[in-house]
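**Q** Quick one: the structure is below, questions incoming.
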Amino acid sequence: MSGFYSSMKRVDLKQFHDIDKILVMQFQNMMKLLQTTEMMMAYEFCLHKRFRARVAQDVSVTNKLTSMIGADVTLPCAFSSTDPIVRVTQIMWMKGNAKLAVYNPQHGTHVEDTTHFQMVDQSANSATLKISGVRYTDEGEYLCEVTTFPGGNVKATTSMTVKAIPQNSAEANTKVVAGDQEQVVATCNSVNGRPPARITWYAAIPGNVSNNMVNNTDGTYTVVSQYLLTPSWTADGMPVTCIINYESTDYNIPLKLSVQYTPVVTIEGFDDNWHLNRNGVYLTCNGKGNPPPTSYIWKTADGSPLPASVRAKDNVLYVDEVDERVNRSFLCEVTNALGSRASRQDVLVRVLLWKRLSHWPCVTRINE
């Protein structure tokens with residue numbers, strides 16, 4: 001005779017509603033008449049179905065949760081019923097077809113992988129699954145199945161998402177040399193993230209983008225984005241911004257490009273009004289380069305020595321007094337680690353009109 005039948009023989013009728021009392025009494029009377037096991041099992045099934053239809057029972061879990069790789073996470077599971085005679089005989093956690101942990105109030109707990117899973121906070125109606133050191137393979141659906149008597153099995157599912165916050169960085173390539181070939185001028189990295197980040201660029205100077213994503217063995221992703229262009233000296237110091245989008249949030253990393261080039265040289269200071277005997281004029285040599293200029297050399301275009309009326313000091317050519325010897329072309333040569341470049345300034349010394357007229361005899365007599 002089944003265990004359910006044995007328990008029903010001893011049941012306290014006060015625990016049932018009136019209609020259920022009649023059903024139980026009918027069952028007890030029928031046991032005296034039924035002669036075969038098959039008939040008893042059929043009647044027991046009918047009573048069990050009738051019981052479940054009249055009792056509300058539920059399993060409470062966290063429907064959705066998110067955990068970070070390497071963290072610990074708990075998945076609670078609790079049973080509740082509107083009928084006091086219902087009791088829990090087993091609580092089991094599963095992932096797919098794999099049984100992770102089982103709790104039996106009478107026989108204790110059994111866990112398949114004790115290094116990764118634990119059953120904690122057990123009580124008569126609840127048990128919590130703890131996952132230590134979450135891995136990306138832990139992502140998925142977890143089923144909590146509660147076995148009760150006489151209510152049968154009830155289930156509920158927890159969906160867990162596993163994430164990892166990436167480490168973001170960006171840098172400009174400091175070894176770029178101006179030329180006619182496309183080069184990588186900046187690199188942006190989003191390392192060990194889950195899900196993978198998305199990288200875009202904002203730049204004042206047009207260029208191309210190359211993206212690459214690597215699936216790491218721990219389930220994270222590394223995204224590397226490169227900004228490329230054909231560098232000229234005008235690109236040096238230009239701003240670009242790496243934009244890393246992770247989980248709908250943008251992380252901006254501003255950069256300044258670095259392009260090495262031989263000096264670009266200009267000369268200023270000549271106003272086309274250098275006349276004889278004018279004092280306090282000078283030429284300034286502006287050299288711009290990456291790396292910075294290390295020397296400035298003044299010389300004449302024809303290779304002759306500098307006139308005695310001028311003095312060169314660093315990037316400035318001082319003219320103490322303008323005379324005929326200053327009427328020539330000057331060169332300023334600027335040097336940095338990549339090489340040298342020069343700029344030329346032609347100087348035309350002017351003679352004032354009254355100076356010219358002073359050589360005429362009539363003008364001399366008038367002055368006298």
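Position 220 of the sequence shown, counting from 1, maps to 220 under full-length UniProt numbering, and the rest follow consecutively. Each residue gets a CB set at the ideal place from its N, CA and C atoms; glycine is no exception.
Among all the DSSP beta bridges, which residues are the ones paired with V214?
**A** Here residue 214 corresponds to residue number 214 of the sequence shown, with the count starting at 1. Answer by DSSP bridge pairing, in chain order: T222.
**Q** Take the Cβ of A53 as the centre, count every other Cβ of all protein chains shown within 10 Å, and call the residue buried at 16 or more, exposed below.
**A** For the purposes of this step, residue 53 is taken as residue 53 along the sequence shown, with counting starting at 1. Here A53 scores only 49 on pLDDT, less than 50, and its place in the model is too uncertain to base an answer on.
**Q** Below 8 Å on the Cβ atoms is my guess for L283 versus G303; work out the distance and round it to an integer in Å.
**A** Sequence index remark: in the sequence shown, residue 283 carries index 283 (1-based). Sequence index remark: in the sequence shown, residue 303 carries index 303 (1-based). Not a contact, Cβ separation roughly 18 Å.
**Q** DSSP state of M40, grouped into three classes?
**A** On the sequence shown, residue 40 is found 40 positions in, with the first residue counted as 1. With a pLDDT of 49 at M40, under the threshold of 50, the modelled position of this residue cannot be trusted; read the value that follows with caution. It is helical.
**Q** Report the CB separation of T109 from M119 in whole angstroms; it is logged as a contact under 8 Å.
**A** Taking the sequence shown and counting its residues from 1, the one referred to as residue 109 is at position 109. Taking the sequence shown and counting its residues from 1, the one referred to as residue 119 is at position 119. So it is a contact: roughly 5 Å between Cβ atoms.
**Q** Kindly list the residues whose CB is nearer than 8 Å to the CB of G140, restricted to its own chain and excluding five residues on each side of it in sequence; keep chain order.
**A** Here residue 140 corresponds to residue number 140 of the sequence shown, with the count starting at 1. Result list for G140: K95, G96, S159 and M160, in chain order.
**Q** Do S210 and L229 have their C-beta atoms closer together than 8 Å?
**A** What you label residue 210 is simply residue 210 of the sequence shown in a count that begins at 1. What you label residue 229 is simply residue 229 of the sequence shown in a count that begins at 1. Cβ atoms of S210 and L229: not closer than 8 Å.
**Q** Alpha carbon to alpha carbon, how far is V349 from E324? Give it in angstroms, no decimals.
**A** Position 324 of the sequence shown, counted from the start, is the residue given in the question as residue 324. Position 349 of the sequence shown, counted from the start, is the residue given in the question as residue 349. Computed Cα separation, rounded: 7 Å.
**Q** Using the C-alpha atoms, what's the distance from Q90 back to N189?
**A** Numbered from 1 along the sequence shown, position 189 holds the residue referred to as residue 189. Numbered from 1 along the sequence shown, position 90 holds the residue referred to as residue 90. In a straight line, the C-alpha of N189 is about 49 Å away from that of Q90.
**Q** Taking the alpha carbon of I205 as the reference point, which residue from Y221, Y251, K256 and D250 has its own alpha carbon closest?
**A** On the sequence shown, residue 205 is found 205 positions in, with the first residue counted as 1. Looking at the Cα atoms, K256 is the closest of the given residues.
**Q** Using the Cβ count rule (16 or more neighbours within 10 Å means buried), how would you classify P254?
**A** In the sequence shown, residue 254 corresponds to position 254, counting from 1. With fewer than 16 Cβ atoms within 10 Å of its Cβ, P254 is classed as exposed.
**Q** Have a look at the DSSP bridge pairing and note the partners of residue 390.
**A** This structure cannot speak to residue 390, because the chain is shown only from 1 to 368.
**Q** With H, G and I counted as helix, E and B as strand and the rest as coil, what does DSSP make of T148?
**A** Mapped onto the sequence shown, residue 148 falls at position 148. It is a strand residue.
**Q** Taking the beta strand (DSSP E) that residue 379 falls in, what are its first and last residues?
**A** With the chain covering 1 to 368 only, the question about residue 379 has no answer from this structure.
**Q** DSSP beta-bridge partners for T234?
**A** Position 234 of the sequence shown, counted from the start, is the residue given in the question as residue 234. Answer by DSSP bridge pairing: none, since T234 is not bridged.
**Q** To the nearest angstrom, report how far apart I131 and F117 are at their CA atoms.
**A** Locating residue 131 in the sequence shown gives position 131, counting from the first residue. Locating residue 117 in the sequence shown gives position 117, counting from the first residue. Going by the C-alpha atoms only, they are around 5 Å apart.
**Q** Rounded to whole angstroms, what's the CA-CA distance from A78 to T115? Just pull it up for me.
**A** Within the sequence shown, residue 78 is the residue found at index 78, counting from 1. Within the sequence shown, residue 115 is the residue found at index 115, counting from 1. For A78 and T115, the distance between alpha carbons rounds to 24 Å.
**Q** Just how far apart, CA to CA, sit V351 and N277?
**A** One-based indexing of the sequence shown puts residue 351 at position 351. One-based indexing of the sequence shown puts residue 277 at position 277. When rounded, the distance between both Cα atoms is 9 Å.
**Q** In angstroms with no decimal places, state the Cα-to-Cα distance between P305 and K299.
**A** Indexing the sequence shown from 1 puts residue 305 at position 305. Indexing the sequence shown from 1 puts residue 299 at position 299. Rounded to the nearest angstrom, the two C-alpha atoms are 7 Å apart.
**Q** Three-state secondary structure (DSSP) at T82?
**A** Here residue 82 refers to the residue found at position 82 of the sequence shown. Correct three-state label for T82: coil.
**Q** The beta strand (DSSP E) with K313 in it runs from where to where?
**A** For this step, residue 313 is matched to residue 313 along the sequence shown. Unbroken beta strand (DSSP E) run through K313: V310 to K313.
**Q** Tell me whether G287 sits in a helix, a strand or coil according to DSSP, three-state version.
**A** Indexing the sequence shown from 1 puts residue 287 at position 287. Three-state result, G287: strand.
**Q** Applying the 10 Å Cβ sphere with the 16-neighbour rule, what's the burial state of Q35?
**A** Looking up residue 35 in the sequence shown gives position 35. Confidence in Q35 is poor, its pLDDT being 48 and thus under 50, which makes the residue's placement unreliable; the coordinate value appears in the next sentence. So Q35 ends up on the exposed side.
**Q** Considering only the beta carbon of each residue, do T82 and A56 sit closer than 8 Å?
**A** Here the question's residue 82 lines up with position 82 in the sequence shown. Here the question's residue 56 lines up with position 56 in the sequence shown. A contact, by the Cβ cut-off of 8 Å.
**Q** Quick check on this structure: which residue in Y202, N327 and V265 has the alpha carbon closest to the alpha carbon of M238?
**A** Taking the sequence shown and counting its residues from 1, one reaches residue 238 at position 238. It is Y202.
**Q** Tell me which same chain residues have a C-beta within less than 8 Å of the C-beta of K155, skipping the five on either side of it?
**A** For the purposes of this step, residue 155 is identified with residue 155 of the sequence shown, where counting begins at 1. Answer for K155: V59, L143, C144, E145 and V146, listed in chain order.
**Q** Would you please state the rounded distance, in angstroms, between the beta carbons of V322 and V281? I believe it to be under 8 Å.
**A** Counted from its first residue, the sequence shown places residue 322 at position 322. Counted from its first residue, the sequence shown places residue 281 at position 281. Indeed, because the Cβ distance is near 7 Å, the residues count as touching under 8 Å.
**Q** Assign N215 to one of two classes, buried (16 or more other C-beta atoms within 10 Å of its C-beta) or exposed (fewer than that).
**A** In the sequence shown, residue 215 corresponds to position 215, counting from 1. Result: exposed.
**Q** Can you tell which of W233, D236 and P291 has its C-alpha closest to the C-alpha of N336?
**A** For the purposes of this step, residue 336 is taken as the residue at position 336 of the sequence shown. The residue with the shortest Cα to Cα distance from N336 is P291.
**Q** For Y136 and N192, what's the separation of their Cα atoms in angstroms?
**A** By 1-based counting over the sequence shown, the position of residue 136 is 136. By 1-based counting over the sequence shown, the position of residue 192 is 192. Their Cα atoms are separated by approximately 12 Å.
**Q** As a quick exercise: from V316, Y296, V326 and N273, pick the residue whose alpha carbon is nearest that of A342.
**A** Residue mapping note: residue 342 aligns to position 342 of the sequence shown, counting from 1. Per the Cα distances, Y296.
**Q** Our contact map puts A308 next to F330 with C-beta atoms below 8 Å; I'd like the distance itself, whole angstroms only.
**A** By one-based count along the sequence shown, residue 308 stands at place 308. By one-based count along the sequence shown, residue 330 stands at place 330. Their Cβ separation, rounded to whole angstroms, is 14 Å, which puts A308 and F330 out of contact at 8 Å.
**Q** If I'm right that Y172 touches V185 with Cβ under 8 Å, what's the distance once you round it to whole angstroms?
**A** If you number the sequence shown from 1, residue 172 lands on position 172. If you number the sequence shown from 1, residue 185 lands on position 185. One point to set straight first is that residue 172 is Ala, not Tyr, in the sequence displayed. That pair is a contact at about 7 Å.
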